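Here this note's numbering is used: the first residue of the first sequence is 4, the next is one more, and so on. Read through the structure below, which is laid out as structure tokens, and then see the notes.
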Amino acid sequence: MPAYRPEEIEKKWQAHWKAHSTFRTENHSDKPKYYVLDMFPYPSGAGLHVGHPLGYIASDIVTRYKRLRGFNVLHPMGFDSFGLPAEQYAIQTGRHPALTTEKNIETYVQQLSSLGFSYDWSREVRTSDASYYKWTQWIFLKLFNSWYNLDADRAEPLTELTARFAATGSEGIRAAGDDGDRLSFSAGQWALFSEKQKLAAVLPYRLAYQQDTYVNWCPGLGTVLSNDEVKDGLSERGGFPVERRLMPQWNLRITAYADRLLQGLDQLDWPDAVKEMQRNWIGKSIGAEVTFPVLSSEYSVLSSETKADEAASLTTQYLLPNTEIKVYTTRVDTIYGATFLVLAPEHELVDELTTPEQRAAVDEYIAATKRRSERDRMTDVKAVSGVFTGAYALNPVNNEPVPIWLADYVLAGYGTGAVMAVPSGDQRDYLFAKHFNLPIPAISDAQQGLDQQADPTKEGRYINSGIINGLTYKEATQKLIAFLEEKGLGKGKVNFRQRDAIFGRQRYWGEPIPIYYKDGTAYGIAESDLPLVLPEIDEYKPTETGEPPLGRAQDWLYKGKYPYELSTMPGWAGSSWYYLRYMDPTNEARFVSEEAEHYWGSVDLYMGGAEHATGHLLYARFWYLFLKDLGLVSSNEPFQKLINQGMILGRSNFVYQMWMQWQTIPEEELHFPQIYVSKSFKEAMSQNSEEFKSSEKYASYLAQIDEIISRTRAKYPHLKMSLMRHNAPTGEYAYFSKFHVDVNHTDNDVLNISAFRNWRNENRNAEFILEEDGTFICDWEVEKMSKSKHNVVNPNILIDKYGADALRLYEMFLGPLEQYKPWNTNGISGVSGFLKKFWRLFHPEDGPLALTDEPATPAELKVLHRAIQKAQEDIEKFSFNTSVSLFMITVNELTALKCHKRAILEPLVLLVSPYAPHLAEELWQELGHKAGSISTASYPEFREEFLVEDTVTYPLAINGKVREQMQFAAAATAAEIETAVLASDFLAKHGEGKSAKKVIVVPGRMVNVVV
RNA sequence: GCCGGAGUGGUGGAAUGGUAUACACGAGGGACUUAAAAUCCCUUGCCUUCACGGGCUUACGGGUUCGAGUCCCGUCUCCGGUACCA
4 MPAYRPEEIE KKWQAHWKAH STFRTENHSD KPKYYVLDMF PYPSGAGLHV
54 GHPLGYIASD IVTRYKRLRG FNVLHPMGFD SFGLPAEQYA IQTGRHPALT
104 TEKNIETYVQ QLSSLGFSYD WSREVRTSDA SYYKWTQWIF LKLFNSWYNL
154 DADRAEPLTE LTARFAATGS EGIRAAGDDG DRLSFSAGQW ALFSEKQKLA
204 AVLPYRLAYQ QDTYVNWCPG LGTVLSNDEV KDGLSERGGF PVERRLMPQW
254 NLRITAYADR LLQGLDQLDW PDAVKEMQRN WIGKSIGAEV TFPVLSSEYS
304 VLSSETKADE AASLTTQYLL PNTEIKVYTT RVDTIYGATF LVLAPEHELV
354 DELTTPEQRA AVDEYIAATK RRSERDRMTD VKAVSGVFTG AYALNPVNNE
404 PVPIWLADYV LAGYGTGAVM AVPSGDQRDY LFAKHFNLPI PAISDAQQGL
454 DQQADPTKEG RYINSGIING LTYKEATQKL IAFLEEKGLG KGKVNFRQRD
504 AIFGRQRYWG EPIPIYYKDG TAYGIAESDL PLVLPEIDEY KPTETGEPPL
554 GRAQDWLYKG KYPYELSTMP GWAGSSWYYL RYMDPTNEAR FVSEEAEHYW
604 GSVDLYMGGA EHATGHLLYA RFWYLFLKDL GLVSSNEPFQ KLINQGMILG
654 RSNFVYQMWM QWQTIPEEEL HFPQIYVSKS FKEAMSQNSE EFKSSEKYAS
704 YLAQIDEIIS RTRAKYPHLK MSLMRHNAPT GEYAYFSKFH VDVNHTDNDV
754 LNISAFRNWR NENRNAEFIL EEDGTFICDW EVEKMSKSKH NVVNPNILID
804 KYGADALRLY EMFLGPLEQY KPWNTNGISG VSGFLKKFWR LFHPEDGPLA
854 LTDEPATPAE LKVLHRAIQK AQEDIEKFSF NTSVSLFMIT VNELTALKCH
904 KRAILEPLVL LVSPYAPHLA EELWQELGHK AGSISTASYP EFREEFLVED
954 TVTYPLAING KVREQMQFAA AATAAEIETA VLASDFLAKH GEGKSAKKVI
1004 VVPGRMVNVV V
């Protein structure tokens, strides 16, 4: 075997692994199990760029390492193959999304295979396969047929709920969700209900339920989106505007699990940032719900003098019966400072409360709010807007009348859709009060600067606060809640920011929701009729009547007569449980067999991007908890350890073009010569100092420009051109435009001028002002890797040139896995050189394998065992970049030692094998082992005794500054060392004549003399 | 605003409170070669010095410590998340 040829050995081993199913994993083993999972990729048409495999490489290293350490490792890969891009493409081209998806997956599989990942491809799943989504639909039916029993704090089958209805009616049932939507009835009434009435009564209890919901409607995509699919008021995919709309929707009752999703985070080995994001997303707050009675319109019309006179009879004479406003507050202690109420414009009482005088203003405000898109509301946070309804409510603690306002800063969907405004304690309320000239009374003796802003302090004692005057925060809160509870006007309450998850999409390329309608009532289809297969349609657009694309399906009816639900499931449906299917991917009888589920349990290591923090990771946990409630899975959480690999950013290159003034000559087909200037030229010209302008360099630059201009004039005599000089406002000599240049046309920022000329037609005749050494240097910047920035690096090209092993090593070498870091292709030559050096340890001078069986020297053993120790430590803490450095140091040292000994190099092959599996497999075979067997070998054993030294070199420092080194026996005691240092001439040489005050000896480390 | 995270050479980065800048890229010099590629050797944080050496340096300012990139307090900058959530 001659020189290291990755292109040969990598193909060879990839074919071998495939042909021999080397990485096929069994569901039973005497070995302990370990489950390593990569986040489910959506197979996009663009294929992988160099940033995508980062996490896959890391997880593959862990996988291969764990195999060497004696684990039975499950390491699967599959595709989240339903999704918007394929469908958008289908709308444009008429090409079936299934075909596009299939083709994209092929590309992915090819690319992943060429990186040498050790996936068990026999377990591959695709969410768009009916054999997979059959079970996604099955889980949906389980949700549809379950309710959440708050007393048991778990989901239960609906049959248990209906049994209780039959026995005792709706009385005493505590279920997650909004009781306002539910009927109350006795067992007798239940018995008399028709089937339709029964289903209607049960619907608001289901974990998958249909309801009119305010949704993020995206007209550009023709569908609704969930909150995490909307960024800054635009759709995450496609960037289309999104607006609020009330529509009937399928929802999943994730809020039933809010508290358990929150509690469960504490046991997880996840990045704190992700856990914190989930906590914020769930948004638990502890506060109180307080009821404000409402005054009748007779009160509103009183003159201000009469209002004062009537103060005593408010609660008797003017109280509006059966009407009250509930507000939610986390600061019930500030209630005496509540000088007005604010309702969301959508609040159900708005119509009833508005007085005739205010009707026009209120209607106008509500209309304006509707017109304002979500995006406007977000970008326009500072602007205060609102309107007075004309009505008043009574503050329940002091019976003071407070005006009721509307404002869009109050959200209909949170709490009760109404707040008590405490302008002295809440900045929003403060701004509102200032704007509308409402009073801002202080409520605590610790509040400060109320003429400028609100002060939400909990310090100090209450003032102007009736029964809590003089109390502290804690005392006041307790007293008020007790007071309100006694009067039946309030109670302590926990609120969550998290909303139920909207589960329908008005799109084609997704799982059909297994629901049909009979007489307008929703029924789940029978489990035995699953899968409900996605029907073929003629076009992938909504119907003329505005129904989702599935409305186009011909004769698509349940049992030949009942229409199906026309929306499909969102992208996150299939990805919420895929990791379970990998355990038993072809089971036709169950979503995963009990046996497989018990063996594999939960995912031990989950690798993926941080962008899934609040979407996928929350939904998947929710589905897992639900399945657990039904006794279908056995762990507490699906993903024990999570690592977010950082994004690899692009390193963009730029050229500067000088602005010229042209007189165009349309009749001639002329490509004007653009003038591009090298980096240092642009920098010099932009610095704009008088000193520079009088320099020789400046003169030479001007001469170069003039030269180009005259040369161009000679070439194109009709063309009039001049440099745009002297930018008056800034005084700069010239203007420059900055353009991205394809990074494939540069090497170490040096532009390949001919490639650049050919890249774009308008550059054909470009002129270049070069550096003194004749090169053209581009500027650079770190940006996200994207096509439009021309900084995308394709891994296939690098694999062709350097090999997959080099790419794997280099991606790891770039820096800590979790960090964001820029890609720079140049560095790959370093790891490529390392692999060649490693090869040469086995094949001196790239000749045939030439290893000796001589016993290893202590120096060689030390190098080896330090490597074993550190490689192991690094991989256990996912510090892959330092392992690669370690391998480089090890190989450098063994090369220097001219070590070609089997005893040292054979274990080294094992150490490197998780990182560079092809090279390792090749050498392993050359060493005489069975082909393809390195993944079933055992990791070399670390032996401490080879690291023990006879002597230790100590740095000697004076006052912490190192001055000299001194050797001591490893066994020397601190006292012996101290004596020896003081006896030496160390102090005389460096002590500036001072005497030693104190000597600190850290055994094995260093000596510090304090003078 | 709030919640996370990070600031170390020209670049990516390393460093259980114990010799800061390992490893690699880039750059400079040299060897081999007709030449190129490949490979090998030397130099490479900054300032100062012919040199030996000396001084400075981990965003900035303080502190704790015999000793701080690492711990504590304050400030600045950048990145990510999130936001009228009552």
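By construction, the Cβ of each residue, glycine as well, lies at the ideal position given by its N, Cα and C atoms. Values in this document were obtained by computation on a predicted structure and should not be read as measured data.
Leucine 352 places its beta carbon less than 8 Å from that of isoleucine 328.
Under the three-state reduction of DSSP output, glutamate 710 falls in the helix class. Contact check for alanine 906 against alanine 862 fails: the beta carbons are separated by 8 Å or more. Rounded to the nearest angstrom, the gap between the Cα atoms of alanine 940 and glutamine 113 is 27 Å. Measuring C-alpha to C-alpha distances from proline 222 to each of Arg464, Tyr208, Gly242 and Gln450 identifies Gly242 as the nearest.
Between tyrosine 217 and glycine 180, the C-beta spacing is not below 8 Å.
For alanine 525, same chain residues with a beta-carbon under 8 Å away, outside a window of 5 residues either side, are Leu202, Leu206, Gln213, Ile518, Tyr519 and Glu568 in chain order. For glutamine 252, the beta-bridge partners assigned by DSSP are Gln214. Per DSSP, reduced to three states, the secondary structure at asparagine 467 is coil, with no helix or strand assignment. The segment 504–518 makes contact with the segment 536–547; the number of CB pairs closer than 8 Å reaches 3 or more. The straight-line gap separating the alpha-carbon atoms of arginine 70 and lysine 787 is approximately 35 Å.
Linking proline 35 to leucine 926 through their CA atoms gives a straight-line distance of about 28 Å. Here the segment 334–349 lies against the segment 455–471, with 3 or more beta-carbon pairs under 8 Å apart.
When secondary structure is reduced to three states using DSSP, isoleucine 407 falls in the strand class. DSSP places glutamate 292 in the uninterrupted beta strand (DSSP E) bounded by 287–298. Here DSSP, grouped into helix, strand and coil, assigns methionine 1009 to strand. Its Cα nearest to that of arginine 247, the residue Leu237 stands out among Leu237, Asp432 and Tyr68. Three or more Cβ pairs closer than 8 Å define a contact, and the segment 67–82 falls short of that threshold against the segment 47–56. Of all alpha-carbon atoms in Ile708, Arg584 and Phe771, the one lying nearest the alpha-carbon of aspartate 83 is that of Arg584. Going by DSSP, lysine 631 is part of the alpha helix (DSSP H) stretching over 619–632. Take the alpha-carbon of phenylalanine 147 and the one of alanine 363: they are about 44 Å apart. For lysine 496, the enclosing beta strand (DSSP E) stretches over residues 493–499. DSSP places isoleucine 516 in no alpha helix (DSSP H); its state is neither H nor E. For the pair of segments examined, the segment 774–794 was found not to touch the segment 608–627: the number of CB pairs separated by less than 8 Å stays below three. DSSP links isoleucine 64 through a beta bridge to no other residue. Secondary structure at valine 413: coil, using DSSP grouped into helix, strand and coil. Cβ-Cβ distances below 7 Å link threonine 480 to Val335 and Asp336 in the same chain, with the five nearest sequence neighbours on each side left out; the list follows chain order. In terms of Cα proximity to phenylalanine 739, the closest of Phe657, Ser427 and Glu403 is Phe657.
Shortest Cα-Cα distance from aspartate 503 to any of Tyr701, Ser388, Leu210 and Trp16 involves Leu210. In the three-state reduction of the DSSP assignment, alanine 972 falls in the strand class, which pools E and B. Only exposed fits histidine 31, as fewer than 16 other CB atoms lie within 10 angstroms of its CB. In the DSSP assignment, alanine 6 forms no beta bridge with any residue. DSSP places phenylalanine 949 in no beta strand (DSSP E); its state is neither H nor E.
Phenylalanine 625 is positioned such that its CB atom lies closer than 8 Å to that of leucine 264. By the C-beta density criterion, histidine 846 is buried, having at least 16 other C-beta atoms within 10 angstroms.
Within the DSSP secondary-structure output, cysteine 221 pairs in a beta bridge with Thr226.
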